[in-house]
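Student:
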Amino acid sequence: MRTKKSLLALLLLAATSMSMFLGCGKHDPYVFDRINWNGDSGGSLEIINGSNKDIVLFIGQVPATSTIMGGAKAGKTTSFDPGKYVGEAEYGVGGWTVIRGITKEKYDENFDLSKATVEYMAMATYRKGTTYRIQIDGAYLGDYGFKVTNRGQIGMELRRNSPEGEKVSYLPALQVNQIIYAETSNGMTLFPVYVFFNKKTGEVSTLKATSMKSAVDVSPRSLMDETKLQSYTFPDNSIKWEDIIGDLKDPVAYITVTNNVRNQSAYFTNAGSTDYWSQNGYNTIGSGETLVFEVEGGDVEGGTPRMLIAQLRGRSVDVPIRFENENVNPRIENGYNYEVEFTFSGGDPLESSSYTATIIKGEKRKIDFGTP
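FYI, the numbering for the sequence shown is 1278 to 1649, going by the working numbering.
(1) What does a CB cutoff of less than 6 Å around aspartate 1576 pick up in its chain, not counting 5 residues either side in sequence?
(2) Give me the residue from Met1398, Asp1494 and Lys1485 with the minimum Cα distance to isoleucine 1457.
(3) Would you mind stating whether valine 1534 and phenylalanine 1621 have Cβ atoms separated by less than 8 Å?
(4) Where does serine 1629 fall in DSSP's three states?
(5) In terms of residue numbering, what span does the beta strand (DSSP E) encompassing glycine 1320 cover?
(6) Threonine 1354 CB to nearest chain C CB: under 8 Å?
(7) Quick check on DSSP: helix, strand or coil for serine 1595?
(8) Compute the Euclidean distance between the alpha carbons of valine 1453 and tyrosine 1409, then round it to the nearest angstrom.
(9) Tell me whether the beta-carbon of tyrosine 1384 lies closer than 8 Å to the beta-carbon of valine 1333.
(10) For valine 1495 and glutamate 1603, I'd like the C-alpha separation in whole angstroms.
(11) Helix, strand or coil for glutamate 1640 per DSSP?
(12) Do you know offhand how far alanine 1393's Cα is from asparagine 1313's?
(13) Measuring alpha carbon to alpha carbon, tell me which residue in Asp1317, Asn1438, Asn1547 and Gly1624 is nearest valine 1493.
(14) Quick check: what's the CA-CA separation for methionine 1295 versus threonine 1567?
(15) By a C-beta neighbour count over all protein chains shown, 10 Å radius and 16 as the cutoff for buried, is valine 1502 buried or exposed?
(16) Taking buried to mean at least 16 other C-beta atoms within 10 Å of its own C-beta, is arginine 1651 buried or exposed?
(17) Under a three-way DSSP split, which group does aspartate 1385 fall into?
(18) With DSSP run on the structure shown, which of helix, strand or coil describes valine 1470?
(19) Leaving out the 5 sequence neighbours to the left and right, which residues in its chain are closer than 7 Å to isoleucine 1345 when beta-carbon positions are compared?
(20) Which word fits tyrosine 1632, buried or exposed, when buried means at least 16 other C-beta atoms lie within 10 angstroms of its C-beta?
(21) Hey, proline 1469 and phenylalanine 1511: beta-carbon distance below 8 Å or not?
(22) State the Cα-Cα distance for the pair arginine 1428 and glutamate 1628, rounded to the nearest angstrom.
(23) Whole-angstrom Cβ separation of arginine 1608 and proline 1582, contact assumed at under 8 Å?
(24) Quick check on DSSP: helix, strand or coil for glutamate 1610?
(25) In terms of residue numbering, what span does the beta strand (DSSP E) encompassing valine 1370 cover?
(26) So, with DSSP's three-state summary, where would you put lysine 1392?
(27) Which residue comes first and which comes last in the beta strand (DSSP E) that contains isoleucine 1456?
(28) Cβ atoms of lysine 1485 and proline 1449: under 8 Å apart, would you say?
(29) From lysine 1562 to alanine 1587, what distance separates their C-alpha atoms?
(30) Thinking just about the alpha-carbon of each residue, which of Asp1331, Thr1478, Gly1479 and Ser1462 is nearest to the one in leucine 1506?
(31) Alpha carbons only, please: which of Arg1498, Ala1351, Gly1360 and Leu1585 is nearest the one belonging to glycine 1372?
(32) Ordered along the chain, which non-local residues of its own chain (more than five positions away) have a Cβ less than 7 Å from that of alanine 1351?
(33) Taking serine 1499 as the reference, which of Ser1550, Glu1460, Ala1416 and Tyr1509 has the closest Cα?
(34) Exposed or buried, which one is glycine 1369 when buried takes at least 16 other CB atoms within 10 Å?
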């Protein structure tokens, strides 16, 4: 009898302790922290955490225990397998999702994760066999912030100082009053760049306004009192979304590059001096690999000449990229798809004449604005 009473007392004590724990609204890091901080072996989505905080990552629209993808330790790169979260069929076709992040401290403080403050958001595309990389910038995690609403019908990146500037945050279509974080209260100028994923083709297109003065100067304020945070709208409330559509255009051409040179990675460069970075975050093309790059061309019909150079063998070999049977810099027109192949044609591997780098112009991309 004494044993039964002792057991009953222990059970009551455990229940009382759990009740008190749930009432305080916090996660017990020893009981509830089953976060995968090691990632998935061979995962195709790389998260680079450039901040000094551990971040809990969620996939999809609402942070919840069921949508936890894993965690990214401060200063570390962690890979995840999107197929585990979107299903193998969807993973094979390809698509996009929103990755949301909450610092480990905020995660521990909120038992109801739907009420936790999302401190990081990014768009991530996925497709089986393709690696994609996104980065958490510590400059946009901090004790200051402002609110932003995206009135557009497609997702939007906010970029600092220019449409080509560093990415501050991502907002899905029609996102309302999302808090954007900053390390300091220093003001910044933000430019909206709309990001469109075509599920039929798997293409990611970036679009910017060409005639509207779309930049907005913002003022981060202390998060101690959220009622005093400044609120901003992209585009401005005085402008209709229907009017924006006709003003958006591709600021770049989309060049798909394949490296057919065996046992050698290659660089795709502007004039041999500046590397282009692929849409999924790489500045080299591995042997047998195909990556998509965005290159600023011209808006005039036929395009603008660009000195595109492939570099191999420790950058000791520069191979000019040319249209077939031409020996001049290719003219690149914004909004169009292009294909480039690097090939070793034989001879001395340290001579540029031993390689070919041929470019082919494809069709102009079509954007269906009826699909957010």
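Note that CB positions come from ideal geometry on N, CA and C, so glycine has one too.
Keep in mind the model is a prediction, meaning the values are calculated, not measured.
Tutor: Reading it off the structure:
(1) Asn1611
(2) Met1398
(3) no
(4) helix
(5) No beta strand (DSSP E) holds glycine 1320; DSSP gives it neither H nor E.
(6) The question asks about chain C, but that chain is absent: this structure has only one protein chain.
(7) Note on residue identity: the sequence assigns aspartate, not serine, to residue 1595. In the structure shown, aspartate 1595 sits in a strand (DSSP, three-state: E or B).
(8) 27 Å
(9) yes
(10) 48 Å
(11) strand
(12) 19 Å
(13) Asn1438
(14) Reliability fails at methionine 1295, whose pLDDT of 44 lies under 50, so the model's placement of it is uncertain and the value that follows must be treated cautiously. Near 53 Å, if we compare the C-alpha coordinates of threonine 1567 and methionine 1295.
(15) Here the sequence assigns aspartate to residue 1502, which means valine is not the residue at that position. Its Cβ having fewer than 16 others within 10 Å, aspartate 1502 is exposed.
(16) The chain is shown only over 1278 to 1649; residue 1651 falls outside these bounds and no answer can be derived.
(17) helix
(18) strand
(19) Ile1312, Val1333 and Phe1335
(20) buried
(21) yes
(22) 53 Å
(23) 5 Å
(24) strand
(25) Unbroken run through valine 1370 is the alpha helix (DSSP H), 1365-1370; no beta strand (DSSP E).
(26) helix
(27) 1455-1459
(28) no
(29) Note that residue 1562 is isoleucine in the sequence shown here, rather than lysine. So the alpha carbons of these two residues sit roughly 10 Å apart.
(30) Ser1462
(31) Gly1360
(32) Asn1326, Ser1328, Asn1329, Lys1330 and Asp1331
(33) Glu1460
(34) exposed
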